[in-house]
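Comments concern the structure below.
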Amino acid sequence: MQCPSCGSGIEADERYGHFRVCPYCQSALLLDKEAAKISGKMAVLAKPKGPLHLGATGNAKGRGFQVIGRVRYGYQQGFWDEWYLVFEDGDSGWIGEDEDEFTVEVPVDWQPSPELHESLKPGDALPYPDGDFSLKEKGVAICEGGEGQLPFAVETGEKTPFLDAVGRDENQFLSVEFGEEGPRAFLGQQLERDELHVDTASWTENRFRTEAAEGTRHRVFQEADRSEAISCDCCGGNLGIPDPGATELTCEYCGSEVDLGLERITCKTCTHPITLHQAETAETTICPNCRTQMDLSGDRTAVLAQLTDKDRPNIPFKLGQRFKFENNEWRIAGLIRYTQTDEGVDYHWIDFLMVCPERGYAWLGLENGHFVWAAEMKNHPRINPRMGKRKAAVEHAGMKFKMFERGSARVTWVDGELPWIAQLEDSIGFYDAINPPFSLSAEWTEDEIEWFQGRYLDHATVAKAFDVAEKSLPKAYGVGASQPYINGDFSKAAVKIMSLLLVVSLVLIIWSSIAGGGSATEFSLSHDQFSKPWLSQPFELGGPELCTLKIEGAGLKDAWSYFDIALVNDADEVTHEFSTQISYYSGVEGGESWSEGSRSDSTPFVVEKAGTYRLLVQGQAGHGENADIIRPGSYSTTFSVKKRVVLTRYFIILAVLALIWIACYWIPKLSFEAKRWSDE
Amino acid sequence: MKKKLIGLIAGVIGTTGVAVKASSEGWGVDRPLKEPVSIREESMKGPMGSGRLATRYFIGGGPRRGK
Numbered sequence: 001m002q003c004p005s006c007g008s009g010i011e012a013d014e015r016y017g018h019f020r021v022c023p024y025c026q027s028a029l030l031l032d033k034e035a036a037k038i039s040g041k042m043a044v045l046a047k048p049k050g051p052l053h054l055g056a057t058g059n060a061k062g063r064g065f066q067v068i069g070r071v072r073y074g075y076q077q078g079f080w081d082e083w084y085l086v087f088e089d090g091d092s093g094w095i096g097e098d099e100d101e102f103t104v105e106v107p108v109d110w111q112p113s114p115e116l117h118e119s120l121k122p123g124d125a126l127p128y129p130d131g132d133f134s135l136k137e138k139g140v141a142i143c144e145g146g147e148g149q150l151p152f153a154v155e156t157g158e159k160t161p162f163l164d165a166v167g168r169d170e171n172q173f174l175s176v177e178f179g180e181e182g183p184r185a186f187l188g189q190q191l192e193r194d195e196l197h198v199d200t201a202s203w204t205e206n207r208f209r210t211e212a213a214e215g216t217r218h219r220v221f222q223e224a225d226r227s228e229a230i231s232c233d234c235c236g237g238n239l240g241i242p243d244p245g246a247t248e249l250t251c252e253y254c255g256s257e258v259d260l261g262l263e264r265i266t267c268k269t270c271t272h273p274i275t276l277h278q279a280e281t282a283e284t285t286i287c288p289n290c291r292t293q294m295d296l297s298g299d300r301t302a303v304l305a306q307l308t309d310k311d312r313p314n315i316p317f318k319l320g321q322r323f324k325f326e327n328n329e330w331r332i333a334g335l336i337r338y339t340q341t342d343e344g345v346d347y348h349w350i351d352f353l354m355v356c357p358e359r360g361y362a363w364l365g366l367e368n369g370h371f372v373w374a375a376e377m378k379n380h381p382r383i384n385p386r387m388g389k390r391k392a393a394v395e396h397a398g399m400k401f402k403m404f405e406r407g408s409a410r411v412t413w414v415d416g417e418l419p420w421i422a423q424l425e426d427s428i429g430f431y432d433a434i435n436p437p438f439s440l441s442a443e444w445t446e447d448e449i450e451w452f453q454g455r456y457l458d459h460a461t462v463a464k465a466f467d468v469a470e471k472s473l474p475k476a477y478g479v480g481a482s483q484p485y486i487n488g489d490f491s492k493a494a495v496k497i498m499s500l501l502l503v504v505s506l507v508l509i510i511w512s513s514i515a516g517g518g519s520a521t522e523f524s525l526s527h528d529q530f531s532k533p534w535l536s537q538p539f540e541l542g543g544p545e546l547c548t549l550k551i552e553g554a555g556l557k558d559a560w561s562y563f564d565i566a567l568v569n570d571a572d573e574v575t576h577e578f579s580t581q582i583s584y585y586s587g588v589e590g591g592e593s594w595s596e597g598s599r600s601d602s603t604p605f606v607v608e609k610a611g612t613y614r615l616l617v618q619g620q621a622g623h624g625e626n627a628d629i630i631r632p633g634s635y636s637t638t639f640s641v642k643k644r645v646v647l648t649r650y651f652i653i654l655a656v657l658a659l660i661w662i663a664c665y666w667i668p669k670l671s672f673e674a675k676r677w678s679d680e
Numbered sequence: 001m002k003k004k005l006i007g008l009i010a011g012v013i014g015t016t017g018v019a020v021k022a023s024s025e026g027w028g029v030d031r032p033l034k035e036p037v038s039i040r041e042e043s044m045k046g047p048m049g050s051g052r053l054a055t056r057y058f059i060g061g062g063p064r065r066g067k
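Sequence lines, in order, name chains P and H.
Oh and the first sequence: position 180 is 180 in my numbering, straight run, nothing missing.
Oh and the second sequence: position 12 is 12 in my numbering, straight run, nothing missing.
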């Protein structure tokens, strides 16, 4: 078939659609069996930055494909590409590519109401009948153009409302486009980085050929004919022309490492060199010299805004700084400072954007000197971030979290490169739930919600990753939201042992208070009887034996009794002497009843020799300071001796020791938690 | 850590053992007088071996009269 506009031969497989863009003259063609009709002109699409391109072959989750078409959509924060595929089994499908994230999708038969686009908010559940999806993003895509063969006609500038939703598990993804012909739904999965493979030969050939031809950016390392002098990304110092084969340089002025393999541009305003750390997905970058914000979404850089240097945050790292974390090499590509204003007070935190060729993007949050490493979640939790009180329990992937904070913040500083167009004063809503050291965070705008799983990093870990001294990092103030309370394994094990000891002690306390070999003697004396010396009936005691003498004035009320008691052996010798007093007062004062003292007393003693013993008793009783002014027979006192008893006091000491140990473990921990949850 | 834990467990068991021994043997409680005092000369037992005792063993007493 020939292009009716330029006459060039064009290839198309009618099984995969009736729309084709002429690769030579960019005419948009509607195909039928015999001829092609021109339906318009298509703008030349910006070259792809990622691994996919027209004609590319590869596999997604092991399923082979070939790319036969592409549509590029733009929206407020940037753009994304939809790649039209033919799979090895003859089916067709799509791969969506947005900010270095890939989804593979196939059409599904679902016709949602267009009103959904208006009524749903990011985070809301989608009424899709065969799955549990929540809305991740909605917006209106503007078609920037298409290329190759497509299953439907596209028109540059055409506006298409869309919904993107993610599943709760298995990286599920659902997108809906509300086109003029009706809604189109696509179901698929978000791909992990190792699930998309593009044949390298076609990638290299296509990609670098077009880059070299257009010449708007250059990859110093890739170009054989290296003839340009390099300037340091950090200080701008002239490093001369790198040696052939060199992959990096060390700046002789500031010591920074300059990676020659990265893509570089020059500032549109001041021509300062700017390194792009993730050129494939960067959509904006800011000149480190003059703070011109540039749009990188097209083939050619364009000035977006001129930012000021006012209120520059003090950051502990350099943009472009490389570090090793968990066996991967990362770079700091950019940063955003958010500011939350609460009751007139500004609170700031900084999110550093990290890039790693093998892992993609991650964020390193810094707030009050506390660091949190966070990565975006492909599966969104079943949590409504706009609902729930503080400390409310939420669960995700088998982990329990507590809602920590919700609020709104605005962007007050941007620097470096970012995979979307972030502007000052952009506002977001945020939500944090914690299970130290882990956290679950959401950030949302009117159109989009993103979830992140975070992990608190202590200073030692950060210092090791960046190969810097701990003291060079910002001092941590207070307790970080997801900062774990660090207890050594020994402390944790020890407190368990001490808890067990406490239980054992309590059991022993109960046992000791009821243990004993029984009563040796028990008798009661009235006041008249004990006011003069009284000798009890003989009773038997073993030896050696721990006994107790108990005195109980059951009827004692607002009075006291004092006793001198002697234990007398069968040779009429006093072996033990005791002096004891019991008193009990009670009343009602101001409508409240009160009492003080005790009606009984107990004294332990040890008998060395077994034998027959008696008690010699003499006592006094009275009210207040008046002794012996007791109505005769008004009450009696019971004296008893119990044999083979067990003392409780040593078990109480044991329990107190265990309690002190447990308190030493828990009090600092509870204090730490109180600081964490303090409103300040 | 293992050594410290073993030490702690040994300490806990030992302390518990000492507490049991001290509690059953009555460590720290009154022992018999070293020189028992006879009350025989001044005693006057009743017919059943108990009852009023004409003794001066106790010379007064009580919190306000002093012993």
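The beta carbon of each residue, even a glycine, is placed where N, CA and C say it ideally should be.
query: By DSSP, does Gln66 (chain P) sit in helix, in strand, or in coil?
result: In this structure, Gln66 (chain P) counts as strand in the three-state DSSP scheme.
Can you pull out the residues from the stretch 7-34 of chain H whose beta carbon lies closer than 9 Å to at least one beta carbon of chain P? Correct list: Leu8, Ile9, Val12, Thr15, Thr16, Val18, Ala19, Val20, Lys21, Ala22, Ser23, Ser24, Glu25, Gly26, Trp27, Gly28, Val29, Asp30, Arg31, Pro32 and Leu33.
Could you work out which residue in P:Gly416, P:His396 and P:Glu446 is closest to Ala433 (chain P) when comparing CA atoms only? Nearest C-alpha to Ala433 (chain P): P:His396.
* Give the residues of chain H in contact with Ala493 (chain P), contact being defined as C-beta atoms less than 7 Å apart. => In chain order: Leu5.
Shortest alpha-carbon distance to Glu14 (chain P) belongs to which of P:Cys6, P:Leu29 and P:Pro4? It is P:Leu29 whose Cα lies nearest to the Cα of Glu14 (chain P).
Could you name the residues of chain H that Glu608 (chain P) contacts, counting a contact when the two beta carbons are closer than 9 Å?
Ordered by position in chain H, the residues that pass the 9 Å Cβ test against Glu608 (chain P) are Arg31 and Pro32.
Enumerate in chain order the residues of its own chain whose CB-to-CB distance from Asn384 (chain P) is below 8 Å, with the five nearest sequence positions on each side excluded.
Within the same chain, and ignoring the five residues on either side of Asn384 (chain P) in sequence, the residues whose Cβ sits closer than 8 Å to its Cβ are Gly123.
Exercise for review: Report yes or no: do the stretch 163-182 of chain P and the stretch 26-43 of chain P share at least 3 C-beta pairs separated by less than 8 Å?
Suggested key: The stretch 163-182 of chain P, when compared against the stretch 26-43 of chain P, does not touch it at the 8 Å Cβ threshold.
**Prompt:** Smallest Cα separation from Gly298 (chain P): which of P:Asp572, P:Arg20, P:Tyr24 and P:Arg72?
**Reply:** Looking only at P:Asp572, P:Arg20, P:Tyr24 and P:Arg72, the smallest Cα-Cα distance to Gly298 (chain P) is reached by P:Arg72.
Does any residue of chain H have a CB that is nearer than 8 Å to the CB of Ile653 (chain P)? Answer yes: the Cβ-Cβ gap between Ile653 (chain P) and chain H drops below 8 Å somewhere.
Evaluate contact between the stretch 385-404 of chain P and the stretch 492-502 of chain P, counting only Cβ atoms and requiring at least three cross-stretch pairs below 8 Å. Contact check between the stretch 385-404 of chain P and the stretch 492-502 of chain P: fewer than three CB pairs, one atom from each, fall below 8 Å, which does not count as touching.
Going along chain H in order, which residues have a C-beta closer than 7 Å to the C-beta of His576 (chain P)? Here the neighbours are Asp30, Pro32 and Leu33.
*Pick out the complete beta strand (DSSP E) segments inside the stretch 16-98 of chain P, 3 residues or longer, and give them in chain order.*
Listed in chain order, they are 19-21, 27-31, 36-41, 57-60, 63-75, 78-87 and 92-98.
Of the residues that make up the stretch 480-510 of chain P, which ones have a beta carbon closer than 9 Å to any beta carbon in chain H?
-> Flagged, chain order: Gly488, Asp489, Phe490, Ala493, Ala494, Ile497, Met498, Leu500, Leu501, Val504, Ser505 and Leu508.
Legend entry - Under the three-state DSSP convention, the category Trp757 (chain P) falls into: Residue 757 (chain P) lies beyond the range of chain P shown here (1 to 680); nothing can be said about it.
*asked:* Could you tell me which whole alpha helix (DSSP H) segments of length 4 or greater appear in the stretch 513-545 of chain P?
replied: Considered as a whole, the stretch 513-545 of chain P harbours 527-530 as its complete alpha helix (DSSP H) runs of no fewer than 4 residues, in chain order.
Flag this pair as yes or no: are the beta carbons of Glu248 (chain P) and Asp259 (chain P) separated by less than 8 Å?
Yes.
Next on the checklist: Could you give the first and the last residue of the continuous beta strand (DSSP E) run that contains Val258 (chain P)?
Outcome noted: Val258 (chain P) -> beta strand (DSSP E) spans Glu257 to Asp259.
Figure out for me which residue from P:Asp169, P:Val86 and P:Pro114 has the closest Cα to the Cα of Leu150 (chain P).
Nearest C-alpha to Leu150 (chain P): P:Val86.
Check: Taking C-beta to C-beta, are Leu508 (chain P) and Phe651 (chain P) nearer than 8 Å?
Finding: A contact, by the Cβ cut-off of 8 Å.
Quick check: what's the CA-CA separation for Val140 (chain P) versus Tyr24 (chain P)? Rounded to whole angstroms, Val140 (chain P) to Tyr24 (chain P) spans 30 Å at the Cα level.
Residues near Glu214 (chain P) in its chain [Cβ-Cβ closer than 8 Å; skip 5 each side]: Low confidence applies here, because Glu214 (chain P) scores a pLDDT of 39, under 50, leaving its location unreliable; read the following figure in that light. The answer, listed in chain order, is Lys47 and Asp299.
- Task: Would you list the one or two residues that DSSP bridges to Ile428 (chain P)?
- Result: DSSP lists P:Ala409 as partners of Ile428 (chain P).
Whose C-beta lies closer than 8 Å to the C-beta of Cys594 (chain P) among residues of the same chain, with five residues either side of it excluded? Here residue 594 (chain P) turns out to be Trp, not Cys, going by the sequence shown. So the qualifying residues of the chain are Ser586, Gly587 and Val588.
Residues that Glu573 (chain P) contacts on chain H, provided the C-beta gap is smaller than 7 Å:
What Glu573 (chain P) touches in chain H: Pro36, Val37 and Ser38.
Practice problem: From the DSSP output, in three-state form, read off Ile486 (chain P) for me. | Solution: In the three-state reduction of the DSSP assignment, Ile486 (chain P) falls in the coil class, being assigned neither a helical nor a strand state.
- [ ] Establish whether the CB of Ser519 (chain P) and some CB of chain H are separated by less than 8 Å.
- [x] Judged by the 8 Å Cβ criterion, Ser519 (chain P) is not in contact with chain H.
(message) By DSSP's criteria, Val607 (chain P) is part of a beta bridge. Which residues make up the other side?
(response) Beta-bridge pairing links Val607 (chain P) to P:Glu545.
For Gly555 (chain P), which three-state DSSP category applies? Looking at Gly555 (chain P) - three-state DSSP - the assignment turns out to be coil, as it is neither helix nor strand.
Query - Asp194 (chain P), DSSP secondary structure in three states - result: Asp194 (chain P) falls in the helix class under three-state DSSP.
Q) Roughly how many angstroms lie between the CA atoms of Glu25 (chain H) and Pro604 (chain P), to the nearest whole one? A) Straight-line spacing of the CA atoms in Glu25 (chain H) and Pro604 (chain P) works out to 11 Å.
query: Of the residues P:Lys557, P:Glu417 and P:Asn368, which one's Cα is nearest the Cα of His459 (chain P)?
result: Closest by alpha carbon: P:Asn368.
Say yes only if the C-beta of Cys3 (chain P) is nearer than 7 Å to one or more non-hydrogen atoms of the ligand MN, and no if none qualify. As presented, the structure is devoid of all ligands, the ligand MN included, so that no description of it is given.
According to DSSP, which residues form a beta bridge with Gly240 (chain P)?
-> Answer is P:Ile230, bridged to Gly240 (chain P).
Given a cut-off of 8 Å, decide if Gly188 (chain P) and Val67 (chain P) are closer than it, judged by their beta-carbon atoms. For the pair Val67 (chain P) and Gly188 (chain P), the CB atoms are not nearer than the 8 Å cut-off.
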